[in-house]
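Each remark here refers to the structure printed beneath this line.
Protein chains: 2
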Amino acid sequence: MKKGEATKARILEEATRQAALRGLTGVSLNDVAEAVGLSKSGLFKHFESKEDMHLAVVQMVTDRFSELIRLPASQLPPGRPRLEKIFERWLQWCEDDWAESGCPIMQLSVELDDQPGPPRDLLHKQLQGFRKTVTREFLSLRDPPLSDREAQAAYFQMKSFVLGQSDARRMMGDADARRSAQAAFEALLDRTSRAAA
Amino acid sequence: MKKGEATKARILEEATRQAALRGLTGVSLNDVAEAVGLSKSGLFKHFESKEDMHLAVVQMVTDRFSELIRLPASQLPPGRPRLEKIFERWLQWCEDDWAESGCPIMQLSVELDDQPGPPRDLLHKQLQGFRKTVTREFLSLRDPPLSDREAQAAYFQMKSFVLGQSDARRMMGDADARRSAQAAFEALLDRTSRAAA
DNA sequence: GAGCTTAGCGACCGGTCGTGCTCTTTTCTA
DNA sequence: TAGAAAAGAGCACGACCGGTCGCTAAGCTC
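If you read the protein sequences in the order shown, they are chains A and B. Counting in the working numbering, the first sequence runs from 173 upward without gaps. Counting in the working numbering, the second sequence runs from 173 upward without gaps.
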């Protein structure tokens, strides 16, 4: 059971790439099969249906997100260092790792937010987990710790800046987007850690 | 040439509704025709092709956006009143006017940002125009006017908060999203108008 | 290396896609 | 009100969609 797993991984890789470009629904099994060097029917030895593949794509994207953003940050001291690392890797994820297609998590969010089903539920669960982790990190940003409300507000702004950067760069062609986001985030950290309880 | 225009408007209305739900590519001419009470071929008396309809949808969405956000604000005194009005109407636009589907401009942005062609170009042009208008409004927020850089940074954050609210509410089910966005924006206005040159 | 398991192929299914064609009905205009 | 012009129906097309089936060939285990 080794060759099979490798092939499945290749299929998923390609499907994820295409989903980032055209959305989950826009992925054609024919195109995926061709790109991987398989026949269409060969795909069905690895996935029961297209929705099954959708689910696997969501899983793969969120796994990779964790690996590239959460993991490296978790090895730093809590608070500001971690938050800065997360933000930096997050921007990087949108900007470089998916340069041709834009952040797949944003794409999936917009596509799935009104489309009930297992893919949406999985994405929702993973994003909630990430939110919780980061919000907790905000709590320990100041010595008398932030209130839950404050931490949530900070996370809201942090994610907003990531979304803003992605939108500005991709849709508006704004080359300064990253600097704008970075500056806004640093200011947010300053404000948040300075503010009195 | 009156009945025709009315029918075309109805078609566009429905196509826009569906595009907000499933994206431009996801719109089925069959479904649109059926919903409007026409045959599929009847549609082609009003649009040369599907891409032609895509373009008209983008035009309609951005026109309505102007009408609902820019127009009411333009009747207020410049500076803070206008900015607050724009932000409030903008959030409203995402939250209510497209309650079931999410802000169509975000949807279109994500879908079109890597899809060259007339629809993308039109959307890009309209969004640039809007950005310019709002950025100019930021300039007159303070007596010694903001620098271009400051105004652009402020617009970046403003748009980020709108994106953040839409994402938080739709994908994360965050009922407080609007309040978070509103608070963040008010704080942004305070900071921006207070900051020394 | 025999034998079971699994990966993969090719043909094919019913259905839907966007689009062209011809023909009829409705609407507008002079 | 007659006649031109526009609106729309009906149908058929070729391409493509996700998916099934039976078969072969390769891989894995003992």
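By construction, the Cβ of each residue, glycine as well, lies at the ideal position given by its N, Cα and C atoms.
Reduced DSSP category for residue i - H, G, I as helix; E, B as strand; rest coil
| i | result |
| --- | --- |
| B:V199 | coil |
| B:L360 | helix |
| B:M343 | coil |
| B:R351 | helix |
| A:F216 | coil |
| A:S365 | helix |
| B:S221 | coil |
| B:G176 | helix |
| B:L184 | helix |
| A:S312 | coil |
| B:P250 | coil |
| B:S238 | helix |
| B:L227 | helix |
| B:L243 | helix |
| A:L193 | helix |
Listed by chain order, chain B residues near residue i by CB distance under 7 Å
| i | result |
| --- | --- |
| A:D147 | This structure does not reach residue 147 of chain A, given that chain A is present from 173 up to 369, and the question cannot be answered. |
When the options are compared against residue i, the one with the closest alpha-carbon
| i | options | result |
| --- | --- | --- |
| A:Q324 | B:D315, B:D293, B:R351 and B:F328 | B:R351 |
| B:L240 | B:S221, B:K174, B:H296 and B:F302 | B:F302 |
| B:Q231 | B:A191, B:R341, B:F216 and B:P291 | B:P291 |
| A:A355 | B:T197, B:F328 and B:L210 | B:F328 |
| B:L361 | B:M330, B:A340 and B:R341 | B:M330 |
| A:R219 | A:G209, A:L184, A:M343 and A:D320 | Per the sequence shown, the amino acid found at residue 219 of chain A is Phe instead of Arg. Closest option to A:F219, Cα to Cα, is A:L184. |
| A:N202 | A:A192, A:L193 and A:G214 | A:G214 |
| B:W262 | B:G345, B:A181, B:L335 and B:S273 | B:L335 |
| B:D315 | B:E223, B:R366 and B:S200 | B:R366 |
| A:E267 | A:A178, A:T179, A:Q287 and A:D346 | A:D346 |
| A:E283 | B:G198, B:R182 and B:E186 | B:G198 |
| B:A181 | B:L196, B:V233, B:E272 and B:A271 | B:V233 |
| A:G195 | A:K297, A:R254, A:K222 and A:K174 | A:K222 |
| A:T307 | A:L227, A:V208 and A:S319 | A:S319 |
| B:S238 | B:L210, B:I277 and B:D224 | B:I277 |
| A:G274 | A:E177, A:S312, A:F357 and A:A192 | A:A192 |
| B:L313 | B:P250, B:F333, B:F216 and B:P244 | B:P250 |
| A:G176 | A:D285, A:F216, A:L299 and A:K297 | A:F216 |
| B:C225 | B:Q190, B:E358 and B:P244 | Before going further, note that residue 225 of chain B is Met rather than Cys in the sequence given. For the residues B:Q190, B:E358 and B:P244, the minimum Cα distance to B:M225 belongs to B:Q190. |
| B:H296 | A:L280, A:R342 and A:H296 | A:R342 |
| A:R254 | A:R242, A:W265 and A:A205 | A:R242 |
| A:L248 | A:T188, A:E309 and A:D269 | A:E309 |
| A:Q298 | B:D285, B:D235 and B:M344 | B:M344 |
| A:E127 | A:A340, A:A326 and A:S338 | Outside the shown range of chain A (173 to 369) lies residue 127 of chain A, about which nothing can therefore be said. |
| B:F333 | B:A353, B:S281 and B:A178 | B:A353 |
| A:V411 | A:A228, A:L227, A:A178 and A:F259 | Residue 411 of chain A is absent from the structure shown; chain A starts at 173 and stops at 369. |
Residue i: contacting residues in chain B (beta-carbon distance under 9 Å)
| i | result |
| --- | --- |
| A:G195 | G195, T197, G198, V282 and E283 |
| A:S246 | In chain order: nothing, as chain B lies at least about 22 Å away. |
Contacts that residue i makes with chain A (C-beta to C-beta distance below 7 Å)
| i | result |
| --- | --- |
| B:L299 | M343 and M344 |
| B:S365 | Neighbours of B:S365 on chain A: none; closest Cβ ~15 Å, over 7 Å. |
Contact set between residue i and chain A, taken where Cβ atoms lie within less than 8 Å
| i | result |
| --- | --- |
| B:A356 | A325, F328, Q329 and S332 |
Neighbouring residues, chain B, relative to residue i (Cβ below 8 Å)
| i | result |
| --- | --- |
| A:S238 | Going along chain B, no residue has its Cβ under 8 Å from A:S238, so there is no contact; the nearest lies around 17 Å. |
Check: residue i C-beta below 7 Å from any heavy atom of the ligand GTP
| i | result |
| --- | --- |
| B:P250 | This structure simply doesn't include the ligand GTP, nor any ligand for that matter. |
**Asked** What are the residues of the stretch 333-345 of chain B that lie near chain A, defined by any Cβ-Cβ distance shorter than 7 Å?
**Response** F333, L335, G336, D339, A340, R342, M343 and M344
**Asked** Listed in chain order, which residues of the stretch 210-236 of chain A have Cβ atoms closer than 7 Å to some Cβ of chain B?
**Response** none
**Request:** Pick out the complete alpha helix (DSSP H) segments inside the stretch 254-310 of chain B, 4 residues or longer, and give them in chain order.
**Result:** 276-284
**Item:** Runs of alpha helix (DSSP H) wholly within the stretch 315-343 of chain B (minimum 4 residues, chain order)
**Value:** 320-342
**Item:** Contacting positions in the stretch 303-333 of chain A - beta carbon closer than 8 Å to chain B
**Value:** R303, Q324, A325, F328, Q329, K331, S332 and F333
**Prompt:** Relative to chain B, which residues along the stretch 248-280 of chain A have a C-beta separation below 8 Å, given in chain order?
**Reply:** E272, S273, G274, M278 and Q279
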